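Structure record follows, encoded as structure tokens.
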């Protein structure tokens with residue numbers, strides 16, 4: 003059954019153009035943004051009763067808002083690729099997760115914004131893969147280091163023996179190496195497309211071990227909609243298949259959500275199965291591997307380098323050894339922060355409202371019991 007969906011509450015700051023688009027798509031817009039520099043403003047109870055669509059930040063609806071206060075709510079749109087933040091912080095989302103799925107087919111849906119980060123996070127992966135393969139971070143350290151006691155050793159033009167991790171330095175080309183995509187959603191598919199353009203062979207591990215069509219939202223021209231890029235698929239639920247996937251991989255790219263099933267799925271022993279001089283990159287959730295296990299893997303001879311935008315724990319404590327490890331690059335969960343991403347998030351909220359109005363299922367609906 004189609005619905006009017008005339009009323010939206012927007013609880014995150016939007017640029018003027020994005021807000022204008024939202025106002026053109028809904029008859030009533032309650033704009034009450036909150037953020038680091040904007041205190042949260044609680045909407046009156048009579049307003050919440052009319053809200054049909056809610057567009058909020060990564061923490062989800064207001065922490066104390068209950069489902070009973072929004073009787074007309076039909077959809078919650080998040081601006082993030084994951085829903086774990088909303089599950090941890092929002093009572094309303096927790097109520098939805100606890101519902102009996104057979105109790106009602108008319109209740110509110112919750113969508114992630116998976117797909118809006120395909121212009122940034124896959125580029126981070128490609129950039130870090132090249133940087134690690136060519137030891138850019140090591141060269142930069144020689145150019146910037148002022149910690150050595152001997153001034154002649156500070157900030158100098160390093161020679162090939164200094165830069166090479168074991169003996170003479172040489173570039174490690176991507177061409178002909180195998181990139182293993184652990185997770186094959188919007189981010190994994192666009193990363194695969196970009197790495198294949200660099201001459202890499204692509205394989206993927208997912209929950210089924212089979213290719214699948216991508217049904218959720220992604221910008222036109224990006225990704226791998228029919229799942230045809232990987233030469234081979236493996237199942238993470240089959241231990242033998244998963245271990246073979248790791249053995250076949252030179253560059254492990256992880257984009258899995260943070261769920262009980264993915265928590266500490268990897269450890270040092272698992273990473274030891276990768277091909278010699280392998281790379282590990284994680285843009286999913288830090289809980290995939292503990293920092294202690296990653297340190298163990300980096301201390302081994304097998305793993306050539308790692309780049310992480312997420313960590314366990316997160317944030318990493320000040321002075322953590324991963325920050326200065328010569329084989330590791332750490333960025334503070336910023337790979338997806340793109341200029342104008344709020345505009346894409348707002349556009350997705352509008353598109354999903356239009357789908358609901360037509361009686362269709364919104365894009366990126368989360369299975370809250372699974373956590374993604």
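Residue numbers (our numbering): 3 to 374. Ideal Cβ positions, reconstructed from N, Cα and C, are used throughout, including at glycine. The structure displayed is predicted, hence computed values, not measured ones.
Item: By how many angstroms is the C-alpha of residue 348 removed from the C-alpha of residue 393?; Value: Because the chain spans 3 through 374 in this model, residue 393 falls outside it and cannot be assessed.
Item: Suppose contacts are defined by Cβ-Cβ distances below 8 angstroms. Is residue 176 in contact with residue 307 by that definition?; Value: no
Item: Taking 8 angstroms as the threshold (C-beta atoms), are residue 358 and residue 77 in contact?; Value: yes
Item: Do you know offhand how far residue 285's Cα is from residue 49's?; Value: 38 angstroms
Item: Just to confirm, is the Cβ distance from residue 188 to residue 228 under 8 angstroms?; Value: no
Item: How many Å lie between residue 326 and residue 298 at the Cα?; Value: 15 angstroms
Item: Can you have a look at residue 62 and say buried or exposed, based on whether 16 or more other CB atoms are within 10 angstroms of its CB?; Value: buried
Item: Verify whether the separation of the beta carbon atoms of residue 249 and residue 267 is less than 8 angstroms.; Value: no
Item: Could you give the distance in angstroms between the alpha-carbon of residue 265 and the alpha-carbon of residue 159?; Value: 43 angstroms
Item: Have a look at residue 54 and residue 75 and give me their C-alpha separation to the nearest angstrom.; Value: 4 angstroms
Item: Is the beta carbon of residue 334 within less than 7 angstroms of some heavy atom of the ligand ATP?; Value: Ligands in the displayed structure: none, and consequently the ligand ATP is not present.
Item: Do residue 337 and residue 314 have their CB atoms nearer than 8 angstroms?; Value: no
Item: How close, in whole Å, do the beta carbons of residue 258 and residue 283 come, if the pair is a contact with beta carbons under 8 angstroms?; Value: About 12 angstroms separates the two Cβ atoms, so there is no contact after all.
Item: Check whether the Cβ atoms of residue 207 and residue 247 sit closer than 8 angstroms, and answer yes or no.; Value: yes
Item: Under the DSSP definition of a beta bridge, which residues are partnered with residue 207?; Value: 184, 236
Item: Under 8 angstroms, with one C-beta from each stretch per pair, do the stretch 84 to 97 and the stretch 126 to 144 reach the 3-pair mark?; Value: no
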